[in-house]
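Visitor:
Number of protein chains: 2
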Amino acid sequence: MNIGAAAKRTGLPAKTIRYYEEIGLIRPARDPNGYRDFSETDVHKLAFLGRARSFDFSIEDCRSLLALYEDSTRASGDVKRIAEGHLERIDAKLAELHEMRRTLSSLVDSCAGDNRPDCPILRDLASDPAGHG
Amino acid sequence: MNIGAAAKRTGLPAKTIRYYEEIGLIRPARDPNGYRDFSETDVHKLAFLGRARSFDFSIEDCRSLLALYEDSTRASGDVKRIAEGHLERIDAKLAELHEMRRTLSSLVDSCAGDNRPDCPILRDLASDPAGHG
DNA sequence: CTTGACCTTCCAGTAACTGGAAGCCCTATC
DNA sequence: GATAGGGCTTCCAGTTACTGGAAGGTCAAG
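Here the protein sequences come in this chain order: A and B. Under UniProt numbering, the first residue of the first sequence carries the number 1, and numbering increases by one thereafter. Under UniProt numbering, the first residue of the second sequence carries the number 1, and numbering increases by one thereafter.
(1) Below 6 Å CB to CB, which residues in the same chain sit around Gly38/A once its five sequence neighbours on both sides are set aside?
(2) With a 10 Å radius around its C-beta and 16 neighbouring C-beta atoms as the bar for buried, classify Arg36/B as buried or exposed.
(3) Would Ala112/B and Tyr69/A be called neighbours here (beta carbons separated by less than 8 Å)?
(4) Given this structure, state the Cα-to-Cα distance separating Ile26/A from Tyr20/A, to the nearest angstrom.
(5) What residues in the region 69-85 of chain A have a beta carbon less than 7 Å from any beta carbon of chain B?
(6) Residue range of the alpha helix (DSSP H) that Ser64/A falls in?
(7) DSSP three-state call for Asp37/B: helix, strand or coil?
(8) Who are the Cβ neighbours of Arg63/B in its own chain at under 7 Å, not counting the five residues just before and after it?
(9) Run the CB neighbour count on Lys45/A, radius 10 Å, all protein chains shown included, and call it buried at 16 or more, exposed below.
(10) Please list, in chain order, the residues of the region 112-127 of chain A that have any C-beta partner in chain B closer than 9 Å.
(11) Look at the alpha carbon of Arg9/A and the alpha carbon of Glu88/B, and state the distance between them as a whole number of angstroms.
(12) Between Leu49/B and the rest of its own chain, which residues show a CB-CB distance below 7 Å, the 5 nearest in sequence each way excluded?
(13) Quick check on Val108/A - is its C-beta less than 8 Å from some C-beta in chain B?
(14) Is it the case that the Cβ atoms of Ala14/A and Asp114/B are separated by a distance below 8 Å?
(15) Please classify His86/B as buried or exposed, where buried requires at least 16 neighbouring CB atoms within 10 angstroms.
(16) Within the same chain, show all residues whose beta-carbon is closer than 7 Å to that of Ala47/B, passing over the 5 residues directly before and after it, in chain order.
(17) Can you tell which of Phe55/A, Asp56/A, Ile3/A and Thr16/A has the C-alpha that lies nearest to the C-alpha of Asp31/A?
(18) Are Asp107/B and Leu94/A close, meaning C-beta to C-beta below 8 Å?
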């Protein structure tokens, strides 16, 4: 299967698939003409990577997960550890974004948004950093 | 004031301050020896940028906000529009992360995390993409 | 035999820094 | 006066995970 077909099958852009090969996540065979030739296994790996990336797992996490996926003697604890670590990062990001949203949203609400210069948003941004402790 | 002092005052790394000058966000004066010489105004601008960046405003948004901050004839509506746009991006990111967290967390919960190979997390990652809507 | 849709590689750019090398400036001490 | 230190300068490279684009080979259709 050519890269275009593999891209269609997995939903990944061809560019991304080439990139994944470049960094060693997959190793598709080559036709005599130099074209990549993707097996069903390659396509499954690509789909796996796409799904893992959709959870925002880093490429390095994806590499580890794929290795575990391919290792029939894996311990599910190793998979779980990676997922839990990632979940913690997601939770940290969520907390950060929630706090950001809370503050920014109240600033937006308090801004008249008219053609006068007075603006609580700018006042906050320009305020003494001690006030945000 | 030297860059080290400005860094201490604003909490921004010296590297970042140099970067902000490079991309034209600030224009500190120079001493005869070539050292940057930061005025109080420069420090205020840097603090403003630091606070805006802490809200995850992009550098280009920061540039616009700083320009508005410096323009006493600004319309607060212009500021508000930028903030609202950013708020929407934050909300979109929050929704995405929440959904991610929901799915990933239930997968983690269902994984035994022992030394056996069976793993619902890997099963999900490897599953038919049609199953994920 | 040419057109068009593929495919290939390689280089550059994205966002916002961060690390590090090579070297100048200034002060203090021996 | 030499030297050690800390701070300053510039410039180049690296980070993450791609993405865009140029130059050119391959292949099926007309």
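Note that the Cβ used here is the ideal one computed from N, Cα and C, for glycine as well. Quick caveat, the model's predicted, so the values are computed rather than measured.
Guide: Quick answer:
(1) The displayed chain sequence assigns Phe, not Gly, to residue 38/A. Taking Phe38/A as the centre and dropping the five residues before and after it, the same chain places the C-beta of Met1, Ala6 and Pro28 closer than 6 Å to its C-beta, in chain order.
(2) Of the residues assessed, Arg36/B falls on the buried side of the cut-off, its CB having 16 or more other CB atoms within 10 angstroms.
(3) No. Outside cutoff.
(4) Their Cα atoms are separated by approximately 6 Å.
(5) Residues Tyr69, Ser72, Thr73, Arg74, Ala75, Ser76, Gly77, Val79, Lys80, Ala83 and Glu84.
(6) Per DSSP, Ser64/A belongs to the alpha helix (DSSP H) from Ile59 to Glu70.
(7) Looking at Asp37/B - three-state DSSP - the assignment turns out to be strand.
(8) Exclusion of the five residues before and after Arg63/B leaves Leu25 as the residues of its chain whose Cβ lies within less than 7 Å of its Cβ.
(9) Residue environment analysis places Lys45/A among the buried positions, since at least 16 neighbouring C-beta atoms fall within 10 angstroms of its C-beta.
(10) For the region 112-127 of chain A, residues whose beta-carbon sits nearer than 9 Å to a beta-carbon of chain B comprise Ala112, Gly113, Asp114, Asn115, Arg116, Pro117, Asp118, Cys119, Pro120, Ile121, Leu122, Asp124, Leu125, Ala126 and Ser127.
(11) Between the C-alpha atoms of Arg9/A and Glu88/B there is a straight-line separation of about 32 Å.
(12) Excluding residues up to 5 positions away in sequence, Tyr20, Leu25, Cys62 and Leu66 lie with their Cβ nearer than 7 Å to the Cβ of Leu49/B in the same chain.
(13) Closer than 8 Å: yes.
(14) It is not a contact, given that the beta carbons lie outside the stated cut-off.
(15) In this structure His86/B is buried. Its beta-carbon is surrounded by 16 or more other beta-carbon atoms within 10 angstroms.
(16) If we look at Ala47/B and ignore the five residues flanking it on each side, its Cβ neighbours are Thr10.
(17) When each option's Cα is compared against that of Asp31/A, the closest is Ile3/A.
(18) According to the sequence provided, residue 107/B is Leu. The question's Asp does not apply to it. 8 Å or more divides the Cβ of Leu107/B from the Cβ of Leu94/A.
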